[in-house]
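Enquirer: Structure below; questions to follow.
Chains as they are written, first to last, in this note's numbering: chain U, 107 to 469; chain S, 107 to 469.
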């Protein structure tokens, strides 16, 4: 019986590409830009951007920071790379060297830009329409000269509640965006929506949609079944199976006590691999034993390197078998719900850990 | 006014070394091993191990996986490197190449070891004393032959509740450890405690203590004030300051609404940098304005790249100022408490993100 000790992270680039194409088809009249910030949500921005550029024809990418743009530039040589957090002294060299386009979100950054312009780059202006995050407020827009306004190549905003189709904020932000664009930037292209807004239909798509979470398999339209394919799969080996006698405690701080004799499996993965500790006593793992899917509850606290789960009712489980941590039947969205957060945060964590045996499908 | 866009992570290796020395002094009769698993809790195991080896004289290191041992070997050439998750087919090459010592935690792994022994390596045996995680149960120990028992160079167990000084589990596990060691491994050295157990006094220290969390500045004895120095400091720039009109919402899903006119600061850090999203509407950041410390509440949901905070009462704040995210007055332990988790999980996340401007003090 082979004994593995490390968890496995499998990233399916073919599914990611299929998701991108499906989203692109949905937004036929808009450019389909790919969001690869945060190291492509932890999945490796170089690899993801290269796949989308080579096999998906993607020519517009969004990152958060200049340094992220610099990392992908050589894989997407003639694409636009937009930088959402904008430009500053800590990043201007990346912008110059790699021809990145800043998204300018405040009057102060714009003043700085005017002193530090880069030849041949037309920045994007971010305007505030209801999220109350980065962006020019209307009072800021009113102060721009007509020369100032000509500096910009695109106008952008971001929706707060687009994952809730009927939320009043969607129409409210769309109305604001329409009005502000018509008043201040009538002639340049516009971008309003990320993945979730793209599902709200053509009114929300404008000239460019910014496809991120849904492309990575997350359900950004949770009012209906997910239409995206899974991109990540995580498995981890069972290192030990042991009896848990009635009355015994499990894990740190003894937060679980057995009310009857039980059987435990100790699985080699933990929060040091990005699995949220808030799954303690709440989450579950799955075992596929000869095609039969068995659910096993996580008991006690998750620790840095191990999960302990109750396998009393899992027949024929053996040391060396793999626990399925993320799969088609327990998705990022399922884990996010059980962990009291969102799948975005979980995805952003997992791929950054170096202990995984990492496999890319379709690389 | 300089405009930065990236957050800053500062890792103070001198404080880490001081913590190690303080813990070492506390456990005078035991070897002071350093735990550098999970990439030294995200702080870079190569750098941390090198510092402890060169300047702290540390010659015993613990990691979780063989691959982690392989990464540090060249920086700690003649040290013992113990691997807590043990050995398997996926790691045996690392063990051979880098002379790593497996901690064997199950009978199945021991059987595998006997077929795959490495010349010159005496493994450690982990025994179960109450945590109900990895380790030989007494029924497993009873099956070992006397030749089997001679295979091992050290016996190890792990405490469940050592951060709670008066918890009955401490004495219970100590009694179990004493009894099992005397019965099965009377002649070899023993290790029972991590940082938290080390503070429980000489009875718990045995021949080797495994210093991790406390060395990184975490208060592992939270029943009294922390005696460790801070090792990590996180700051992030204010990209924008804006008015929030009464009645407006903030952030995704509009979870915060202003009941009066307020002032916002948008700070360039988020869960994509390892800051827990569970700090939404709960956590706080600090601004040091000319020596005066101002607390500012996080409002709305944390997003991947930004935190929005209420700076209505922060006088003289300017775009470009740095928000203090982790500091001497808002420590990892404080953030852990506010985020509904423990500082260990937060520390393990933060350092793995590549968008920080990263600075090491004392490298």
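Each residue gets a CB set at the ideal place from its N, CA and C atoms; glycine is no exception.
Remember, it's a predicted structure, so these values are computed and weren't measured experimentally.
1) Run down chain S in chain order and give the residues with a C-beta less than 9 angstroms from the C-beta of residue 356 of chain U.
2) At what residue ranges does the segment 361–400 of chain U contain a whole run of the beta strand (DSSP E), taking only runs of 3 or more?
3) Shorter than 8 angstroms from the beta carbon of residue 248 of chain U to some beta carbon of chain S?
4) Report yes or no: is there a C-beta of chain U within less than 8 angstroms of the C-beta of residue 456 of chain S?
5) Given a threshold of 16 other Cβ atoms within 10 Å of its Cβ, counted over all protein chains shown, does residue 333 of chain S qualify as buried or as exposed?
6) Helix, strand or coil, according to DSSP, for residue 433 of chain S in the structure here?
7) Which residues mark the beginning and the end of the beta strand (DSSP E) in which residue 415 of chain U is found?
8) Does residue 378 of chain S have its Cβ less than 8 angstroms from a Cβ in chain U?
9) Mind checking which residues open and close the beta strand (DSSP E) that includes residue 480 of chain U?
10) Should the segment 269–280 of chain S be regarded as contacting the segment 440–451 of chain U, the criterion being three or more beta carbon pairs within less than 8 angstroms?
11) Against chain U, with Cβ distances strictly below 8 angstroms, would residue 112 of chain S count as a contact?
12) Using beta carbons (cut-off 8 angstroms, strictly below), is residue 359 of chain S in contact with chain U?
13) Could you tell me whether any Cβ in chain U is nearer than 8 angstroms to the Cβ of residue 301 of chain S?
14) Does any CB atom of chain S fall closer than 8 angstroms to the CB of residue 206 of chain U?
15) Buried or exposed for residue 226 of chain U, going by 16 or more other Cβ atoms inside 10 Å?
16) Please compile the residues from chain U whose C-beta is within a distance smaller than 9 angstroms of the C-beta of residue 211 of chain S.
17) What does a CB cutoff of less than 6 angstroms around residue 394 of chain U pick up in its chain, not counting 5 residues either side in sequence?
18) So, using beta-carbon positions, are residue 124 of chain U and residue 465 of chain U closer together than 8 angstroms?
19) Nearest CA to the CA of residue 347 of chain S: which residue from U:241, U:131, U:147 and U:142?
20) Using alpha carbons as the reference points, say which of U:238, U:264 and U:321 lies closest to residue 312 of chain U.
21) Below 8 angstroms, how does it come out for the segment 229–247 of chain S and the segment 204–219 of chain S: are there three or more Cβ pairs, yes or no?
22) For residue 425 of chain S and chain U, any beta-carbon pair shorter than 8 angstroms?
23) I'd like to confirm the pairing. Which residues does DSSP put opposite residue 316 of chain S in its beta bridges?
24) Counting only Cβ pairs nearer than 9 angstroms, list the residues of chain S close to residue 310 of chain U.
25) What does residue 194 of chain S reach in chain U if we use C-beta pairs closer than 7 angstroms?
26) State the Cα-Cα distance for the pair residue 250 of chain U and residue 399 of chain S, rounded to the nearest angstrom.
27) Please decide whether residue 221 of chain U counts as near chain S, where near means a Cβ-Cβ distance under 8 angstroms.
28) Under three-state DSSP, which class holds residue 208 of chain S?
29) Would you say residue 459 of chain U faces chain S, with C-beta separation under 8 angstroms as the test?
30) Cα separation between residue 112 of chain U and residue 375 of chain U?
31) Quick check: residue 228 of chain U and residue 259 of chain U, are their CB atoms within less than 8 angstroms of each other?
32) Check the Cβ-Cβ distances between residue 412 of chain S and every residue of chain U, and say whether any is below 8 angstroms.
33) Please work out which residues of its chain come closer than 6 angstroms, Cβ to Cβ, to residue 162 of chain S, disregarding the five sequence neighbours upstream and downstream, and give them in chain order.
34) Hey, does residue 296 of chain S have any beta-carbon neighbour from chain U nearer than 8 angstroms?
35) List, from N- to C-terminal side, the beta strand (DSSP E) runs of 3 residues or more that fit wholly inside the segment 212–295 of chain S.
36) In chain order, what residues of the segment 432–456 of chain U put their CB closer than 9 angstroms to some CB of chain S?
Expert: Put simply:
1) Neighbours of residue 356 of chain U on chain S, chain order: 237, 238, 239 and 266.
2) 368–373 and 390–395
3) Output row for residue 248 of chain U: interface = no.
4) no
5) exposed
6) strand
7) 413–416
8) yes
9) This structure leaves residue 480 of chain U out entirely; chain U is present only between 107 and 469.
10) no
11) yes
12) yes
13) no
14) Not closer than 8 angstroms to any Cβ of chain S, the Cβ of residue 206 of chain U fails to qualify, so no.
15) exposed
16) 345, 346 and 372
17) Short of 6 angstroms from the beta carbon of residue 394 of chain U, and not among the five residues preceding or following it, lies no beta carbon of its own chain.
18) no
19) Considering only alpha carbons, the answer is U:241.
20) U:264
21) yes
22) yes
23) S:139 and S:300
24) Against chain S, the beta carbon of residue 310 of chain U has no neighbour under 9 angstroms; the closest one sits roughly 16 angstroms away.
25) 109, 110 and 111
26) 35 angstroms
27) no
28) strand
29) yes
30) 8 angstroms
31) Yes, these two residues count as a Cβ contact at 8 angstroms.
32) yes
33) 123 and 126
34) No, residue 296 of chain S does not count as interfacial toward chain U.
35) 230–232 and 260–262
36) 446, 447, 448, 450, 451, 454 and 455
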